[in-house]
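**Student:** Numbering (full-length UniProt numbering), first residue to last: 1 to 772. Okay, handing you the structure first.
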Amino acid sequence: AASSELSDGHCFKWLFMFGSGFLPLEVPHIVPVAFYVTLLRHLVSEPVLFYVTPPTPTPGDTYKGWLFKWTNYIKGYQRRWFVLSNGLLSYYRTQAEMGHTCRGTINLATANIAVEDSCNFVISNGGAQTYHLKASSEVERQRWITALELAKAKAVHMQAESGERENNRCRNLEIQSTLRTLGSKVEDLNTCNDLIVKHGSALQRSLSELEGIRVGGDMGEKMRQVTERATLFRITSNAMINACRDFLSLAQNHSKRWQKALQVERDQRIRLEETLEQLAKQHNHLERAFRGATVLPPSFSNPALANKGDASDEDDDNEFFDAMEDPAEFITVPADPKYHRLLINAVSFSNVTSPQPLELEPVRQRRTRIPDKPNYYLNLWSIMKNCIGKELSKIPMPVNFNEPLSMLQRLSEDLEYYELLDKASKSQSSLEQMCYVAAFTVSSYSTTVHRTGKPFNPLLGETFELDRLKDCGYRSLCEQVSHHPPAAAHHASSEKGWTLRQEITLASKFRGKYLSIMPLGSIQCLFEKSNNHYSWKKVTTTVHNIIVGKLWIDQSGEIDVVNHKTGDRCHLKFAPYSYFSRDVPRKVTGVVTDKDGKAHYVLSGTWDEKMEFSRIMQSSKGENGTEGKQRTVYQTLKAKEIWRKNPLPEGAENMYFFSSLALTLNEAEEGVAPTDCRRRPDQRLMEDGRWDEANAEKQRLEEKQRIVRREREREAVKAASSPEEGTHPDNYQAMWFEKLDDPASGETLHVYKGGYWEAKEEGSWDVCPEIF
Numbered sequence: 001a002a003s004s005e006l007s008d009g010h011c012f013k014w015l016f017m018f019g020s021g022f023l024p025l026e027v028p029h030i031v032p033v034a035f036y037v038t039l040l041r042h043l044v045s046e047p048v049l050f051y052v053t054p055p056t057p058t059p060g061d062t063y064k065g066w067l068f069k070w071t072n073y074i075k076g077y078q079r080r081w082f083v084l085s086n087g088l089l090s091y092y093r094t095q096a097e098m099g100h101t102c103r104g105t106i107n108l109a110t111a112n113i114a115v116e117d118s119c120n121f122v123i124s125n126g127g128a129q130t131y132h133l134k135a136s137s138e139v140e141r142q143r144w145i146t147a148l149e150l151a152k153a154k155a156v157h158m159q160a161e162s163g164e165r166e167n168n169r170c171r172n173l174e175i176q177s178t179l180r181t182l183g184s185k186v187e188d189l190n191t192c193n194d195l196i197v198k199h200g201s202a203l204q205r206s207l208s209e210l211e212g213i214r215v216g217g218d219m220g221e222k223m224r225q226v227t228e229r230a231t232l233f234r235i236t237s238n239a240m241i242n243a244c245r246d247f248l249s250l251a252q253n254h255s256k257r258w259q260k261a262l263q264v265e266r267d268q269r270i271r272l273e274e275t276l277e278q279l280a281k282q283h284n285h286l287e288r289a290f291r292g293a294t295v296l297p298p299s300f301s302n303p304a305l306a307n308k309g310d311a312s313d314e315d316d317d318n319e320f321f322d323a324m325e326d327p328a329e330f331i332t333v334p335a336d337p338k339y340h341r342l343l344i345n346a347v348s349f350s351n352v353t354s355p356q357p358l359e360l361e362p363v364r365q366r367r368t369r370i371p372d373k374p375n376y377y378l379n380l381w382s383i384m385k386n387c388i389g390k391e392l393s394k395i396p397m398p399v400n401f402n403e404p405l406s407m408l409q410r411l412s413e414d415l416e417y418y419e420l421l422d423k424a425s426k427s428q429s430s431l432e433q434m435c436y437v438a439a440f441t442v443s444s445y446s447t448t449v450h451r452t453g454k455p456f457n458p459l460l461g462e463t464f465e466l467d468r469l470k471d472c473g474y475r476s477l478c479e480q481v482s483h484h485p486p487a488a489a490h491h492a493s494s495e496k497g498w499t500l501r502q503e504i505t506l507a508s509k510f511r512g513k514y515l516s517i518m519p520l521g522s523i524q525c526l527f528e529k530s531n532n533h534y535s536w537k538k539v540t541t542t543v544h545n546i547i548v549g550k551l552w553i554d555q556s557g558e559i560d561v562v563n564h565k566t567g568d569r570c571h572l573k574f575a576p577y578s579y580f581s582r583d584v585p586r587k588v589t590g591v592v593t594d595k596d597g598k599a600h601y602v603l604s605g606t607w608d609e610k611m612e613f614s615r616i617m618q619s620s621k622g623e624n625g626t627e628g629k630q631r632t633v634y635q636t637l638k639a640k641e642i643w644r645k646n647p648l649p650e651g652a653e654n655m656y657f658f659s660s661l662a663l664t665l666n667e668a669e670e671g672v673a674p675t676d677c678r679r680r681p682d683q684r685l686m687e688d689g690r691w692d693e694a695n696a697e698k699q700r701l702e703e704k705q706r707i708v709r710r711e712r713e714r715e716a717v718k719a720a721s722s723p724e725e726g727t728h729p730d731n732y733q734a735m736w737f738e739k740l741d742d743p744a745s746g747e748t749l750h751v752y753k754g755g756y757w758e759a760k761e762e763g764s765w766d767v768c769p770e771i772f
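Structure (structure tokens):
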């Protein structure tokens, strides 16, 4: 899996240095030398993958080992200890000499690396230094060659960066020189101005005195003073005029240069935008052509799955590695029939088919439709092209790209399949309970498959309650507890004996062609009966085809669901979409293990359709996969379905692809807090199809929030005895949550402190701020 993540340059480099993938020993005479040449050229042409760290050496930048070095015709090859670090290859007679005696060092930035045969290679800098080296095996030689080429590429890149820094320094010196010249001219202007004021005042006094004296002996002396002062004033005025002319000429010249440079940058940016858009269109065309020319695997015979092919891979680099398909970590085979006979009565997931109690109270009828989404076209690329590499939570976006739900309501949607937690609470076995919790974890992503609209960013202090105590046995509360970074706290409790709590902070980056959304924080689930305490994190969500084509969403990454009481663990793997994979798209696999690492259950399915589980009766190590990884073979009982996605309501494609639960979340409800999402005016206007009014209202709410935040910061600065310079402490405290340390998981998160449902029952909302 690591080799397919091109974005992780250090992991990729480690794998090739220390052995993973197509090494000559593993696939002799299959992979040509051109493969490595192409690969290394790619690495050199894309240095940003590997050189995002400072040049300071780290353990990952150092490679050490024994090599045989040619000394002379008498001694021949002698064993030496070589150290590759920071672009320098040094050697010693023994490891003990590393601290005091280096026998030789060669700079790889200017060195030439040549392979002679399966074990021999030569390193030369074109001068007096030439090392003839021999490795103990072909594999060892390839590892050294790969490490040397990577180190050389990095050294060359560092030199280029050094030259660029030097150029930047020269440009900075030129700018500083210009600024000093302009500053000097400004000082001359100030001096001339002071002199003009001084001599002008003296001349004015002389003229006044001249008017007041009589014609006589003093007349000549006064006339002489007036003449002198007038001459000084004229000289000073001329100097002022010359200084103004010099300053104006200098400023105009530099202004033209800066305007020209600015225009060049603008033109380059326009060309880059046009090129990027054109490349995206070409890529989209190639993707369509590839899909049209490719024979679909048998897994696409299902029409529902065939639609999953209308997607694009993350980028061209990843497609290169998708061709070398990442093998599964394990495979499952049917267990011996004897296990079925022995366990037919002993082992079963009775909760799967347990009958539900009849509901005696009338259930409230909730809405099943919202107004259809208006067909307002707005080019997403026209907005997003200015956001490449930025944190999108700080960038205001029009509601045209939203859906009429808040992020707090999206978090509450995780409870759509609450029955899984109800069944988990009845489980007698912690391992069985883990299967339900893991299935619940996967089910939370099922609503995202078609939901390309962005939820509203909650205002600070905004809340959302979901009271389904009468019909579903649970109730939930969310609150926005931080604005930058945006963080939401969620608490849900059920009469069936489980509590779910989470605190999620979203980090998002736009990479040009796709948008990555990384949820930070953890989710925890507690069961009263068993005192089992589970925790897990979320995977990365990727929105593809930002520039051109139909938007589509993928979930990828790994999740570890941990039971902190028993040590049980479920490792879930969300496979990223790939054109070249023969697996079902959006596949999820998982293994449930106990505290000793013994596997007990296997889970498999897709995050947008269903999950199945099967009990492991026996496990063994199988043959090596295509990349030398030894896969585990699990003998399992027949798989049973543990979760299946509910069908979307009729006409969902016109209602933002909302599920039946999502359609009810923004339905007006009496008695909720004044800070509840249902009362948010811009969100309500958008749901009603009045998008222009919604955009205006959204701007008003955001500006109101900024004013309140600045006022809160001013009050905090006043209250602080000695605030740090340049900081603005924020004294905001959440209304219904408080930050506590969780002893089980060792994390700090906002935990519900109580009081909300009591306040609702009393109708007392004095603690709530006016945010709308």
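Note that CB positions come from ideal geometry on N, CA and C, so glycine has one too. Just so it is clear, the structure is predicted and the values come from calculations on it, not from any experiment.
1) If you check the beta carbons only, do V442 and A424 fall under 8 Å apart?
2) Can you list, in chain order, the residues of its chain whose CB lies under 6 Å from that of P674, leaving out five sequence neighbours each side?
3) In three-state DSSP terms, what is K75?
4) Rank V708, L84, G512, R644 by C-alpha distance to the C-alpha of L279 and give the top, closest one.
5) Are at least three pairs of beta-carbons, each pair with one atom in the stretch 504-519 and one in the stretch 244-251, less than 8 Å apart?
6) Would you give the residue range spanned by the beta strand (DSSP E) that E479 belongs to?
7) Assuming the contact rule is C-beta atoms closer than 8 Å, G497 and F527 should be a hit. Round their C-beta distance to whole Å, please.
8) Between T632 and D560, what straight-line distance do the alpha-carbon atoms span, to the nearest angstrom?
9) Alpha helix (DSSP H) containing L411: first to last residue?
10) Please confirm whether P485 and T505 have their CB atoms less than 8 Å apart.
11) Does the distance from the C-beta atom of G87 to that of A114 stay below 8 Å?
12) For the stretch 397-407 against the stretch 603-617, are there 3 or more C-beta pairs whose distance is under 8 Å?
13) For a quick check, are the C-beta atoms of A694 and L701 less than 8 Å apart?
14) Name the residue from I553, E138, R680, N457 whose alpha carbon lies nearest to the alpha carbon of E697.
15) Measure the beta-carbon distance from Y63 to L477 and round it to whole angstroms, keeping in mind my assumption that it falls under 8 Å.
16) Using CA coordinates, which residue listed in A96, N666, Y77 is at the minimum distance from F456?
17) With respect to the alpha helix (DSSP H) encompassing S425, which residues constitute its N-terminal and C-terminal limits?
18) In the DSSP assignment, the alpha helix (DSSP H) including L431 goes from what residue to what residue?
19) Compare the Cα-Cα distances from G567 to each of V543, V264, G597, W66 and report the closest residue.
20) Nearest to Q282 by CA position, among N545, K760, G671, D676, is which residue?
21) Rounded to whole angstroms, what's the CA-CA distance from S659 to H157? Just pull it up for me.
22) Could you give the C-beta distance for C472 and Y418, rounded to a whole number, given that I count them as a contact under 8 Å?
23) Helix, strand or coil for W691 per DSSP?
24) Could you compute how far the alpha carbon of E738 sits from the alpha carbon of H750?
25) Where does D471 fall in DSSP's three states?
26) Is it buried or exposed, L286, if we count other Cβ atoms within 10 angstroms and call 16 or more buried?
27) Relative to the C-alpha of D688, which candidate in R712, V672, L420, Y656 has its C-alpha closest?
28) Helix, strand or coil: how does DSSP classify D194 here?
29) In whole angstroms, what is the alpha-carbon distance linking L431 and I771?
30) Nearest to K704 by CA position, among C192, F233, T452, L459, is which residue?
31) Keeping to the same chain, check which residues put their C-beta closer than 8 Å to that of G671; ignore five residues upstream and five downstream.
32) So is F415 buried or exposed if we call it buried at 16+ other beta carbons inside 10 Å?
33) If you check the beta carbons only, do H571 and G590 fall under 8 Å apart?
34) Using the C-alpha atoms, what's the distance from L150 back to N72?
35) Could you compute how far the alpha carbon of W643 sits from the alpha carbon of K538?
**Tutor:** On the basis of the coordinates in this document:
1) Between V442 and A424, the C-beta gap is not smaller than 8 Å, which leaves the two residues out of contact.
2) Counting only residues of its own chain and dropping the five nearest sequence neighbours on each side, P674 has a CB closer than 6 Å to the CB of W765, C768.
3) In the three-state scheme derived from DSSP, where H, G and I count as helix and E and B as strand, K75 is classed as coil.
4) When only C-alpha atoms are compared, the closest one is G512.
5) Judged by Cβ distances under 8 Å, the stretch 504-519 makes no contact with the stretch 244-251, as fewer than three pairs qualify.
6) Note, E479: beta strand (DSSP E), 474-482.
7) The C-beta separation of G497 from F527 comes to about 6 Å, placing the pair in contact by the 8 Å criterion.
8) In a straight line, the C-alpha of T632 is about 19 Å away from that of D560.
9) Segment 407-412, the alpha helix (DSSP H) holding L411.
10) Contact annotation: P485 and T505 have beta-carbon atoms nearer than 8 Å.
11) Result no, Cβ atoms of G87 and A114 do not sit closer than 8 Å.
12) The stretch 603-617 and the stretch 397-407 do not touch, with fewer than three beta-carbon pairs separated by less than 8 Å.
13) Against a cut-off of 8 Å, the Cβ pair of L701 and A694 comes out as no contact.
14) Minimum Cα-Cα distance from E697 among the listed residues I553, E138, R680, N457 corresponds to R680.
15) Not really, about 54 Å apart at Cβ, beyond 8 Å.
16) Considering only alpha carbons, the answer is N666.
17) It spans 419-426 - the alpha helix (DSSP H) in which S425 sits, taken as one unbroken run.
18) Per DSSP, L431 is one residue of the alpha helix (DSSP H) stretching across 430-443.
19) Ranking V543, V264, G597, W66 by Cα distance to G567 puts G597 first.
20) Put simply, of N545, K760, G671, D676 the residue whose alpha carbon is nearest the alpha carbon of Q282 is N545.
21) Distance between S659 and H157, taken at the CA atoms: about 51 Å.
22) 6 Å between Cβ atoms; contact.
23) Of the three classes helix, strand and coil, the one that applies to W691 here is helix, per DSSP.
24) Each residue's alpha carbon lies about 5 Å from the other.
25) The three-state reading of DSSP puts D471 in coil, since its state is none of H, G, I, E or B.
26) Only exposed fits L286, as fewer than 16 other CB atoms lie within 10 angstroms of its CB.
27) The shortest C-alpha separation from D688 is found at Y656.
28) Note: D194 maps to helix in three-state DSSP.
29) The straight-line gap from Cα to Cα measures roughly 45 Å.
30) Relative to K704, the option among C192, F233, T452, L459 whose CA is nearest is L459.
31) The beta carbon of G671 is closer than 8 Å to those of K760, G763 in its chain, skipping five residues each way along the sequence.
32) The amino acid at residue 415 is misidentified as Phe; the sequence shows Leu. Label assigned to L415: buried.
33) In this structure, H571 lies near G590, with their beta-carbon atoms less than 8 Å apart.
34) Cα-Cα distance, rounded: 29 Å.
35) When rounded, the distance between both Cα atoms is 19 Å.
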